[in-house]
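Everything in the sequence shown is counted per my numbering, starting at 305 for the first residue and increasing by one. Beneath this line is the structure, given in structure tokens, with notes to follow.
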Amino acid sequence: MYVQFLSTLFRTASCCSPLCLVVSNTPKGRNYVWDGHHRVCALYLGGRNYLDASEYEILNITYALAMTPNLDTGYVTPFDPRTEVRKRDFLGFKRKILTMRSNKEKTDQELIDIIIAERSIYCKTRTVTTIEDLVKRVHAKAKL
């Protein structure tokens, strides 16, 4: 299941991907946007409050998988989608970790320790829980 999740994630997640990635299959049945917040906000601002089935892909994962780094698959920015979001500029951290592993500069356990210790580099506390709240936050910042 984890490999299938990561395969889907890396196949569809890119800066140019037309798909939003939605984490589903959570214990309380709640869905979270994993990637594509800006696309969802644009649709919302355009007057739409839903995603067409062609605009997203469901990632059926558990919270535990989302929060667990996996060096073998390149998933090195774990976070809790209920309480955190990844920062938009997390790729530099990801490259650093994967390069250190490729160059055998650190053991896998040392890399995992770095991932956990430096999580503030790639994720932050979730401050909004709905797309409507996110759009309001963006509008408020734009008025500053």
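Just so you know, even glycine gets a beta-carbon here, dropped at the ideal spot from N, CA and C. In this text the structure is predicted, and so the values were computed from the model without any measurement.
key: DSSP state of R390 mapped onto helix, strand, coil   = Taking the first residue of the sequence shown as position 1, residue 390 is located at position 86. R390 falls in the strand class under three-state DSSP.
Segment limits, beta strand (DSSP E) that includes D339 = Taking the sequence shown and counting its residues from 1, one reaches residue 339 at position 35. Start and end: Y336 to D339.
request  = Give the single residue among E436, M371 and T403 whose Cα lies nearest to the Cα of R279.
outcome  = Coverage of the chain is limited to positions 305 through 448, which leaves residue 279 absent and any answer about it impossible.
task = Identify, in the order they occur along the chain, each residue of the same chain with its Cβ nearer than 7 Å to the Cβ of K428, setting aside the five sequence neighbours on each side.
result = Within the sequence shown, residue 428 is the residue found at index 124, counting from 1. So the qualifying residues of the chain are E388, V389 and K391.
Spatial distance of A421 from L415 (CA atoms) = On the sequence shown, residue 421 is found 117 positions in, with the first residue counted as 1. On the sequence shown, residue 415 is found 111 positions in, with the first residue counted as 1. Looking at the two C-alpha atoms, the distance is approximately 10 Å.
task = With a 10 Å radius around its C-beta and 16 neighbouring C-beta atoms as the bar for buried, classify G340 as buried or exposed.
result = Reading the sequence shown from its first residue, position 36 is the one you call residue 340. With 16 or more other Cβ atoms within 10 Å, it is buried.
ask   = Given that a residue counts as buried once 16 or more other Cβ atoms are within 10 Å of its Cβ, and exposed if not, what is P385?
value = Taking the sequence shown and counting its residues from 1, the one referred to as residue 385 is at position 81. It is buried - the Cβ of P385 has at least 16 other Cβ atoms within 10 Å.
query = Per DSSP, K445 is paired with what?
reply = In the sequence shown, residue 445 corresponds to position 141, counting from 1. Its beta-bridge partners do not exist; DSSP assigns none.
ask   = Using DSSP with H/G/I as helix, E/B as strand and the rest coil, what is E361?
value = For the purposes of this step, residue 361 is identified with residue 57 of the sequence shown, where counting begins at 1. Correct three-state label for E361: strand.
task = Count the other C-beta atoms from every protein chain shown that fall within 10 angstroms of the C-beta of A446, then say buried if there are 16 or more, exposed otherwise.
result = Working through the sequence shown from its first residue, we reach residue 446 at position 142. Result: exposed.
ask   = Relative to the C-alpha of Y336, which residue among I401, Y379 and T366 is closest?
value = Translated into positions along the sequence shown, residue 336 becomes position 32. Looking at the Cα atoms, T366 is the closest of the given residues.
request  = Can you tell me which of the three DSSP states Q308 falls into?
outcome  = Your numbering for residue 308 matches position 4 in the sequence shown. In this prediction, Q308 has a pLDDT of 46, which is less than 50 and means its spatial position is unreliable; what the coordinates show is noted afterwards. Judged by DSSP in its simplified three-state form, Q308 adopts helix.
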